[in-house]
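A.B. asks: In terms of this note's numbering, the sequence shown opens at residue 21 and continues consecutively. Just so you know, even glycine gets a beta-carbon here, dropped at the ideal spot from N, CA and C. Predicted model only: the values in this text are computed from it and were never measured.
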Amino acid sequence: MSKSNVEKKMISKEEYTTNKVLAVFSVCLLGVLLLMVVQRLLDYGNTWATGMVVIRVLMGIGAVGVIWGAALLGLELSGRRERARRIICGRNVLIVSIFTLLCMAMIGYLGAQSIKLLYVLLPVLAVYYLVYHSYAPEFFIIAADSGVAIGLMWLVHRAAAAARFGWMAPAAVIAAVVLTIIQLFCVYKLRAKGGKFDLGGKKIDSRFSRNAYTMLTITPLVMTVLVAAVWFQPSWMMIAIGCAAAYLFITAVYYTVKLM
């Protein structure tokens with residue numbers, strides 16, 4: 021393959037990745053706008069019934085999307101449809117449709133208060149997708165560690181504020197410890213194998229940088245300590261979240277500089 025053809029292929033791949041990221045941000049923005057409409061309808065008694073109808077309609081659209089996505093995926097797996105570098109492919113349609121269905125079902129079951137959680141979740145998913153495609157692989161895991169830890173801190177604080185949710189505090193700390201042990205075990209195994217692992221009989225290179233293993237060892241330990249600190253003293257939640265956010269910000273600056 022000539023150098024010019026290789027360059028064209030690389031540019032095409034970069035453009036495809038950019039389009040995917042833009043598509044994810046657009047879908048998340050549309051989701052937030054729909055949530056705003058649904059919340060406004062559910063907040064008033066004279067429009068509540070209309071809001072429930074909108075939720076059912078969106079659930080129906082999600083169900084149709086699941087069927088469509090499954091059909092596209094079937095065609096792609098059978099080789100009757102090309103899925104390489106397609107934004108609208110079976111897997112993507114299935115993911116968006118299932119997520120839409122679950123979100124609307126959650127709002128219908130739990131009520132409008134669950135919309136506040138989705139306001140946070142959708143932008144966070146879009147940012148994580150950008151991080152996954154733009155930064156070093158280890159930074160995506162570091163960001164995931166920090167995000168999970170912040171969520172667990174919130175659960176611990178929530179448990180302290182309501183007696184009936186008291187069981188959530190030790191459960192959150194146990195979850196943090198278990199996830200840390202799993203990550204440390206995986207990091208140990210990857211380091212021993214030079215960053216390569218087998219998945220479905222196929223060898224995959226994690227492409228970790230030289231300092232990745234140190235960062236992936238330190239980060240879960242730090243986050244687990246912060247979660248345990250909130251359990252020990254719930255009033256420290258904002259301080260602990262601030263420490264986690266500061267750790268993530270400093271790490272993000274480091275990996276952003278490495279990209280330059």
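What number of angstroms, rounded off, separates the C-alpha of Y274 from the C-alpha of T234?
C.D. replies: As a first step, residue 274 must be located in the sequence shown, where it is residue number 254. As a first step, residue 234 must be located in the sequence shown, where it is residue number 214. The straight-line gap from Cα to Cα measures roughly 14 Å.
A.B. asks: List the whole-angstrom C-beta distance separating W68 from L61, where the pair is believed to meet the contact cut-off of C-beta under 8 Å.
C.D. replies: Counting from 1 along the sequence shown, the entry for residue 68 is found at position 48. Counting from 1 along the sequence shown, the entry for residue 61 is found at position 41. Rounded, the Cβ-Cβ distance is 7 Å, consistent with contact.
A.B. asks: With DSSP as the reference, label F119 as helix, strand or coil.
C.D. replies: Locating residue 119 in the sequence shown gives position 99, counting from the first residue. Helix, per DSSP.
A.B. asks: How about V4 and A196: are their beta carbons less than 9 Å apart?
C.D. replies: Missing from the structure shown is residue 4; the chain here goes from 21 to 280 and no further.
A.B. asks: Give me the Cα-Cα distance between I161 and I270, rounded to the nearest whole angstrom.
C.D. replies: Position 141 of the sequence shown, counted from the first residue, corresponds to residue 161. Position 250 of the sequence shown, counted from the first residue, corresponds to residue 270. Their Cα atoms are separated by approximately 15 Å.
A.B. asks: What residue from R230, S229, A264 has the CA that sits closest to V168's CA?
C.D. replies: Position 148 of the sequence shown, counted from the first residue, corresponds to residue 168. With distances taken between Cα atoms, V168 lies closest to A264.
A.B. asks: Within 10 Å of its beta-carbon, does D218 have 16 or more other beta-carbons around it, so buried, or fewer, so exposed?
C.D. replies: In the sequence shown, counting from the first residue as 1, residue 218 sits at position 198. Answer is exposed; the Cβ neighbour count stays below 16.
A.B. asks: Quick one: what's K216 bridged to in DSSP?
C.D. replies: Along the sequence shown, one-based indexing puts residue 216 at 196. DSSP, once it has assigned bridges, lists D225 as partnering K216.
A.B. asks: So what's Q203 in DSSP terms, helix, strand or just coil?
C.D. replies: Working through the sequence shown from its first residue, we reach residue 203 at position 183. Q203: helix per DSSP, three-state reduction.
A.B. asks: Can we say the segment 88–96 touches the segment 127–136, given the rule of at least three CB pairs closer than 8 Å?
C.D. replies: At 8 Å Cβ cutoff, the stretches do not touch.
A.B. asks: When the Cα of H153 is compared with those of S226, L268, K40, which residue comes out closest?
C.D. replies: Within the sequence shown, residue 153 is the residue found at index 133, counting from 1. Considering only alpha carbons, the answer is K40.
A.B. asks: To the nearest angstrom, how far is the alpha carbon of I75 from that of Y139?
C.D. replies: For the purposes of this step, residue 75 is taken as residue 55 along the sequence shown, with counting starting at 1. For the purposes of this step, residue 139 is taken as residue 119 along the sequence shown, with counting starting at 1. Their Cα atoms are separated by approximately 16 Å.
A.B. asks: To test your reading of the DSSP string, which unbroken alpha helix (DSSP H) runs of 4 or more residues are found completely within the segment 41–104?
C.D. replies: Fully enclosed alpha helix (DSSP H) runs of 4 or longer: 68–97.
A.B. asks: In whole angstroms, what is the alpha-carbon distance linking I118 and M280?
C.D. replies: The residue given as residue 118 occupies position 98 in the sequence shown. The residue given as residue 280 occupies position 260 in the sequence shown. Going from the Cα of I118 to the Cα of M280 covers about 37 Å.
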